[in-house]
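Residue numbers (the working numbering): -8 to 306.
C-beta: ideal position from N, C-alpha, C; glycine also.
Fair warning: this is a prediction, and the values are worked out from it, not measured in the lab.
For reference, the structure is listed below as structure tokens.
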Amino acid sequence: MKLYDNIKESKKKDFRNRCNLEFLKLTLMSMFEYKNLPTSIPARFLEEYLIEQGTVGIGKIGQDIYACKVSPCGEVDAYGIGTSLTGATPIGSISGKIGKDVVLGINNSLMRGDYILSWYAHLISEIDLSMDANIINARLHPTPVAKDSKSKTVIDTVLNNMREGKLESVVSDNVLNEWTDNYDIPMLSLTNISNIEKIQYLSRFYDDTLKRFYNMYGHALQTQNKTAQQTSDEIHGMDSTSLVIPLDRLKCRKEMVSNINQLFGTDISVDFSKTWKLNLERFIKDNANTDTSTDTSTDTSTDTSTDTSTVSNNN
């Protein structure tokens, strides 16, 4: 496939951005696993709506329940949030009072989409572009300088024969007349092969950008630059902070499926997928011997035990 090569130069930037954004979005779409979802609500659409917009509406169209992109509307509550939903799908609309006719699902406690993905996609795309430019500018590509059009034809013929492995002579009256006694062809060098050494820094920046993304969303990558000397405690210091946003997203989804079950009589459940669950279990195991006796009466401790109990039970 030469899909990328066939794209116009003016469109390649958009193509890279779109591909990188889809990669990041697919990563987040794999964070949760749903059980007993109605066939009318595929999990991939539920997650895509939440990631893109921050909210999703669930309601009935006919006898089945569906999900669609919505924003709270109508009469607002004491905090300025609409108490109704209205959304459209190709087969009908969903509307009504939240909690009475429809359910409002939220992506996180801010009711926001994961808009930061567009920034990461942009940054990764710019790194890709810089690496591409570095590769081109580091190529060994001396350019012969022709004195006239006839000389250019001869040189081009020789170069083409070299590419094809042909041993073939050329005839020209003036191809060598104006060149030096040693018949050296003047060469123009616009590239520098030593520039390829710089690509290691772009590659490291690429890795650090992905590390920053994964650390934000639950995967505390333990890789580090060789220029940094860190202790084990410093390396694992990101483990707890990397779980903050995933746990908040899980809490919001548990509230959503609980409200769906209560309103429509379903038996849906949601939890971390295996990859994220493994990271959470590892964090709990690594900190099992930590003395938390002074914190056992706090709300934070209670919330944590509630959120992780599902993980333990499912195993």
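Residue i versus residue j - alpha carbon distance
{"i": "Glu155", "j": "Lys143", "result": "18 Å"}
{"i": "Ile115", "j": "Arg130", "result": "23 Å"}
{"i": "Glu39", "j": "Thr46", "result": "10 Å"}
{"i": "Val94", "j": "Leu76", "result": "8 Å"}
{"i": "Leu(-3)", "j": "Asn99", "result": "Residue identity differs from the one stated: residue -3 is Asn in this sequence, not Leu. Going from the Cα of Asn(-3) to the Cα of Asn99 covers about 40 Å."}
{"i": "Gly71", "j": "Leu17", "result": "33 Å"}
{"i": "Trp267", "j": "Lys3", "result": "33 Å"}
{"i": "Ala137", "j": "Thr182", "result": "19 Å"}
{"i": "Thr285", "j": "Leu28", "result": "Any reading at Thr285 must be qualified, since the residue scores a pLDDT of 42, below 50, and its modelled position is unreliable; the value itself is stated next. If you take the alpha carbons of Thr285 and Leu28, they lie about 40 Å apart."}
{"i": "Lys265", "j": "Ile275", "result": "15 Å"}
{"i": "Ile85", "j": "Leu269", "result": "37 Å"}
{"i": "Tyr307", "j": "Gly78", "result": "Here the chain comprises residues numbered -8 to 306, so residue 307 is not present and cannot be evaluated."}
{"i": "Gly65", "j": "Lys88", "result": "9 Å"}
{"i": "Asn152", "j": "Asp5", "result": "38 Å"}
{"i": "Lys202", "j": "Lys26", "result": "30 Å"}
{"i": "Thr200", "j": "Val235", "result": "19 Å"}
{"i": "Gln54", "j": "Ser121", "result": "54 Å"}
{"i": "Arg195", "j": "Arg7", "result": "19 Å"}
{"i": "Asp139", "j": "Tyr106", "result": "57 Å"}
{"i": "Ala34", "j": "Ala69", "result": "32 Å"}
{"i": "Ile184", "j": "Met22", "result": "43 Å"}
{"i": "Leu271", "j": "Ser249", "result": "22 Å"}
{"i": "Leu19", "j": "Val67", "result": "31 Å"}
{"i": "Leu150", "j": "Lys157", "result": "10 Å"}
{"i": "Gln191", "j": "Thr148", "result": "37 Å"}
{"i": "Gln221", "j": "Arg273", "result": "Confidence at Gln221 is low in this model, with a pLDDT of 49, below 50, so the placement of that residue should be treated as unreliable; the coordinate-derived value is given next. Distance between the alpha carbons of Gln221 and Arg273: 21 Å."}
{"i": "His113", "j": "Lys141", "result": "47 Å"}
Residue from the options with nearest C-alpha to residue i
{"i": "Ser260", "options": "Lys268, Trp267 and Arg244", "result": "Arg244"}
{"i": "Glu24", "options": "Glu272, Phe274 and Phe263", "result": "Phe263"}
{"i": "Leu101", "options": "Lys242, Val248, Glu272 and Asp277", "result": "Lys242"}
{"i": "Arg9", "options": "Leu254, Leu271 and Leu108", "result": "Leu108"}
{"i": "Glu0", "options": "Leu158, Asp123, Asn186 and Val67", "result": "Asp123"}
{"i": "Met247", "options": "Asp199, Arg273, Thr148 and Leu37", "result": "Leu37"}
{"i": "Thr30", "options": "Asn278, Arg273, Asp92 and Asp258", "result": "Asp258"}
{"i": "Gln253", "options": "Asp92, Asp277, Tyr106 and Ser140", "result": "Asp92"}
{"i": "Ser62", "options": "Gln54, Ala69 and Thr74", "result": "Thr74"}
Nearest-angstrom beta carbon gap, residue j and residue i [assumed within contact, 8 Å]
{"i": "Asp239", "j": "Ala211", "result": "About 16 Å separates the two Cβ atoms, so there is no contact after all."}
{"i": "Lys189", "j": "Asn125", "result": "6 Å"}
{"i": "Leu15", "j": "Tyr111", "result": "6 Å"}
{"i": "Gly209", "j": "Pro237", "result": "4 Å"}
{"i": "Ile52", "j": "Thr80", "result": "7 Å"}
{"i": "Pro135", "j": "Ile146", "result": "5 Å"}
Proximity below 7 Å, CB of residue i to CB of residue j
{"i": "Asn206", "j": "Ser180", "result": "no"}
{"i": "Ile251", "j": "Ile49", "result": "yes"}
{"i": "Gly90", "j": "Gln44", "result": "no"}
{"i": "Phe204", "j": "Ile56", "result": "no"}
{"i": "Ile118", "j": "Leu193", "result": "yes"}
{"i": "Ile82", "j": "Ala58", "result": "no"}
{"i": "Asn128", "j": "Asn186", "result": "yes"}
Distance cut-off 6 Å: residue i Cβ against heavy atoms of the ligand ZN
{"i": "Phe196", "result": "Ligands displayed in this structure: none; no statement on the ligand ZN is therefore possible."}
What are the uninterrupted segments assigned as beta strand (DSSP E) that are 3 or more residues long and contained completely in the stretch 65 to 125, given in chain order?
73 to 80, 83 to 88 and 94 to 97
Next on the checklist: To test your reading of the DSSP string, which unbroken alpha helix (DSSP H) runs of 4 or more residues are found completely within the stretch 19 to 60?
Outcome noted: 34 to 44
Problem set entry | Length-filtered (4 minimum) alpha helix (DSSP H) runs lying within the stretch 227 to 282 | 229 to 232, 235 to 255 and 265 to 277
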